Amino acid sequence: MRDLFRGELVRITAEEPEARAKAEVRWQRDTEFHRLADSDAAQITSERKIKEWFEKQAEQGFKPERHPFSVRTLDEDKYIGFFGLWVDLIHSVAWVGIGIGERDFWGKGYGTDMMKLCLQYAFTELCVERVSLGLHEYNPRALRSYEKCGFRLEGRTRKDILREGRRTDTLWMGILREEWLQMQNGDLI
Amino acid sequence: MFDIQTQLFEGQDIRFGPIDHEKDPEIESKWTHDSEFMRLMEVNPARPMSAAMIKKQYEKLEKQVEEKKNLYYFTIRAKADDRLIGKAAVQWIEWTNGNGFLELGIGAAEERGKGYGTQALRLLLRFAFAELNLFRVSAIVPEYNEGAIALLKKFGFVQEVCRRQSLERDGRRWDLLVFGLLNDEWRNQA
Chain A
1 MRDLFRGELV RITAEEPEAR AKAEVRWQRD TEFHRLADSD AAQITSERKI KEWFEKQAEQ
61 GFKPERHPFS VRTLDEDKYI GFFGLWVDLI HSVAWVGIGI GERDFWGKGY GTDMMKLCLQ
121 YAFTELCVER VSLGLHEYNP RALRSYEKCG FRLEGRTRKD ILREGRRTDT LWMGILREEW
181 LQMQNGDLI
Chain B
1 MFDIQTQLFE GQDIRFGPID HEKDPEIESK WTHDSEFMRL MEVNPARPMS AAMIKKQYEK
61 LEKQVEEKKN LYYFTIRAKA DDRLIGKAAV QWIEWTNGNG FLELGIGAAE ERGKGYGTQA
121 LRLLLRFAFA ELNLFRVSAI VPEYNEGAIA LLKKFGFVQE VCRRQSLERD GRRWDLLVFG
181 LLNDEWRNQA
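Chains as they are written, first to last, in the numbering used here: chain A, 1 to 189; chain B, 1 to 190.
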């Protein structure tokens, strides 16, 4: 059986409200990170408020439609980011949210490694039929990473984002269960 | 001409009106007992709803309108006798980006195919683009909703995204389509 929680560079850990809140306070100061990851306005929130939010999430315990994780590096056990899967249980599809808050770890394969773990979890443990995501067209690094993981571009909503006075598109991608299975080259899953 | 005379809520045979908390729940409850209507409108499982459940839904809706300020909701009514025909909304508005999503439904089967949907969408687009000043609007439609797709295309919507095999219904999988229309595109054809 494959290790679901360990990739080449990172491992998946539980969401820890205290550590996450501490990290988020630093990450939200990096507005480039926010603008790459999100479409709403950058915002500054107190550590307490963030911690309360994540504690509230944690209190809900296991929910089959919500799967948040923290991500740490294998070599230094550094907390660098997160990903989450939101599942529509009726139609067996999932949406991914993913981010590396520590910018020193951008562009070095950590994101791709995280996404591979994320897809493996979605298809082998949550057993969904497809996984979807959206990204900004001004984030080509993310696009390349998602393509490497097997996502296909399914369209773009034209000029739906306004940043720095410029209208840009949101790109939408998806990967189907059979597409992901084909990429596994018959490896034991 | 600075056209503020045109009435935003008046169509040819229909008008946009408020919710009638006394009479509407009974009628909308009937619509929810039509599984075809529910499956055209919703990706959530179709389920019949009582008038009391609809009443609660209206209250939730009005609370969202008041608190979140990202939703505009209208009932569609016949001008002739004020009867409830359907509903129309601009929702999930992102004010910083100037975008929102449209929702539109003609509830009773016998009211469909009379052009009310066309009239309602004309009003809804004018409201979204000339009153809310949105830069663009989107509509999400399952591939099997051919009526909605034809209506959107008639108004110049472009199919922008095809989310392959996103829905499971009647034992097979279906694509979910995203359509978009920009303010410029609407203005140039209006």
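Yeah, the Cβ is synthetic: ideal placement off N, Cα and C, and Gly gets one too.
Owing to the predicted nature of the structure, the values given are computational and were not obtained by experimental measurement.
Which runs of the beta strand (DSSP E) fall wholly inside the segment 115–164 of chain A and span at least 3 residues, in chain order? List check, beta strand (DSSP E) in window: 130–136, 152–163.
Let me check understanding here. Comparing Cα to Cα, which of A:Arg-152, A:Gly-165, A:Arg-144 lies closest to Gly-109 (chain A)? A:Arg-144
Using a beta-carbon distance below 8 angstroms, is Ser-35 (chain B) in contact with chain E? Judged by its chain identifiers, the structure shown contains no chain E, and its protein chains are A and B.
Taking only the alpha-carbon atoms, compute the straight-line gap between Ala-109 (chain B) and Val-93 (chain A) and give it to the nearest angstrom. 31 angstroms
Give the secondary structure of Lys-68 (chain B) by DSSP, where H, G and I count as helix, E and B as strand, and everything else as coil. helix
Checking contacts by CB at 8 angstroms: is Trp-180 (chain A) closer than that to chain B? It does not: the Cβ of Trp-180 (chain A) has no partner Cβ on chain B nearer than 8 angstroms.
Quick one: Cα of Glu-59 (chain B) to Cα of Thr-157 (chain A), how far? 32 angstroms
Take every Cβ of the segment 119–134 of chain B, pair it with every Cβ of the segment 41–58 of chain B, and state whether three or more of those distances are shorter than 8 angstroms. Judged by Cβ distances under 8 angstroms, the segment 119–134 of chain B makes no contact with the segment 41–58 of chain B, as fewer than three pairs qualify.
For Glu-66 (chain B) and His-34 (chain A), the rounded distance between their alpha carbons: 28 angstroms
By a C-beta neighbour count over all protein chains shown, 10 Å radius and 16 as the cutoff for buried, is Phe-2 (chain B) buried or exposed? exposed
Going by the beta-carbon positions, is the gap between Ala-139 (chain B) and Leu-102 (chain B) smaller than 8 angstroms? Contact check for Ala-139 (chain B) against Leu-102 (chain B) passes: the beta carbons are separated by less than 8 angstroms.
Residues in the same chain with beta-carbon distance under 8 angstroms from Phe-135 (chain B), minus the five sequence neighbours each way, listed in chain order, please. Asn-97, Gly-98, Asn-99, Leu-182, Asn-183
Who are the Cβ neighbours of Glu-15 (chain A) in its own chain at under 8 angstroms, not counting the five residues just before and after it? Excluding sequence neighbours, Glu-15 (chain A) sits near Phe-54, Gln-57, Ala-58, Pro-68, Phe-69, Ser-70, Phe-82.
Can you name the start and end residues of the alpha helix (DSSP H) that Phe-33 (chain A) belongs to? 31–37
Would you mind giving the Cβ-Cβ distance between Tyr-116 (chain B) and Gly-156 (chain B), rounded to the nearest angstrom? I have them listed as a contact below 8 angstroms. With a Cβ gap of about 20 angstroms, Tyr-116 (chain B) and Gly-156 (chain B) do not count as contacting.
Ala-173 (chain A) bridges to which residues according to DSSP? Strictly speaking, residue 173 (chain A) in this sequence is Met, with Ala absent from that position. A:Leu-133, A:Leu-153, per the DSSP bridge assignment.
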